[in-house]
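All remarks here apply to the structure that follows.
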Amino acid sequence: MTSELASTDGVDLDKETFLIDLIRGLSGTLQDLIGLEEASGMISVVGATIGKNLNDQYRREFKTDKMNIDQVCHALVDLKKRIDGGFRVSEVTGNTIVLVNSACPFGKAVIGRKSMCMMTSNVFGKIAAENLGYARVELEETIAQGDPGCRVVIRLAPSESLDAIDRREYFREDD
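In this note's numbering, the protein residues as written are 1 to 175.
Below, the structure written as structure tokens:
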């Protein structure tokens, strides 16, 4: 092996880039092979597991068996901040939490990969439902579908009105 190999400084590869490309590739393959709905369902399973683990960590951090609405809001924003998301609480009214986002943790890799949004839906839904009893997560706007940002509405009480197109319901697991 010669010691005068060409420089590899121009190779755009690090752990984060590799993992994002891996997830984008997997979600794209799933969407192409089995369709968006089924791909979203598979990613939802992973999101639910991650949501449970994060919920346990935040409960330990807050030293509680059940977070209140302020703690849930803090946890949702904090977890996204830790992975380079740009989420913030826009409003909390009655039985509704509205979050907006200016930066996806997956960056531009999320564009065209709506199934990747199931990570957010499931993590948010799992944490909200486990602590507040119920959550219906509505992805009103997403970077993945070409919007400039995300708007996520979490309804904390069941409703007959299911007008949102992209929504998922989450329920507290029995203890």
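For each residue, glycine too, the CB sits at the ideal point set by N, CA and C.
Of the candidates Glu61, Ala6, Leu139, Ala103, Ala103 places its Cα closest to the Cα of Gly149. Separation of Gly25 and Thr120 (C-alpha to C-alpha, rounded to the nearest whole angstrom) is 18 Å.
Distance from the CA atom of Ala48 to the CA atom of Asp12, rounded to whole angstroms, is 32 Å. For Phe124, the enclosing alpha helix (DSSP H) covers residues 117-132.
The C-beta distance from Arg88 to Val77 rounds to 6 Å, short enough to meet the 8 Å contact threshold.
Taking a cut-off of 8 Å for Cβ pairs, the region 61-68 and the region 134-146 do not touch, as fewer than three such pairs fall below it. For Val98, the closest C-alpha among the options Leu156, Ile43, Leu30, Ile20 is that of Leu156. The alpha carbon of Gln57 has as its nearest neighbour, out of Glu169, Ile127, Glu141, the alpha carbon of Ile127.
When the beta-carbon positions are compared, Ile43 and Met116 come within less than 8 Å of each other. Counted as a single uninterrupted DSSP element, the beta strand (DSSP E) harbouring Val92 occupies residues 87-93. Secondary structure note for Val152: its beta strand (DSSP E) is the uninterrupted segment 150-155. According to the DSSP assignment, Asn101 belongs to the beta strand (DSSP E) that extends over 96-101. Residues of the same chain with a CB within less than 6 Å of the CB of Asn131, apart from the 5 flanking positions on each side, are Lys66, Met67, Val72 in chain order. Look at Ala75 here: in three-state DSSP terms it is helix.
Out of Gly146, Arg168, Gln145, the CA that lies nearest to the CA of Val153 is found in Arg168. Per DSSP, the unbroken alpha helix (DSSP H) holding Arg59 starts and ends at 36-62. For Arg167, the enclosing beta strand (DSSP E) begins and ends at 167-171.
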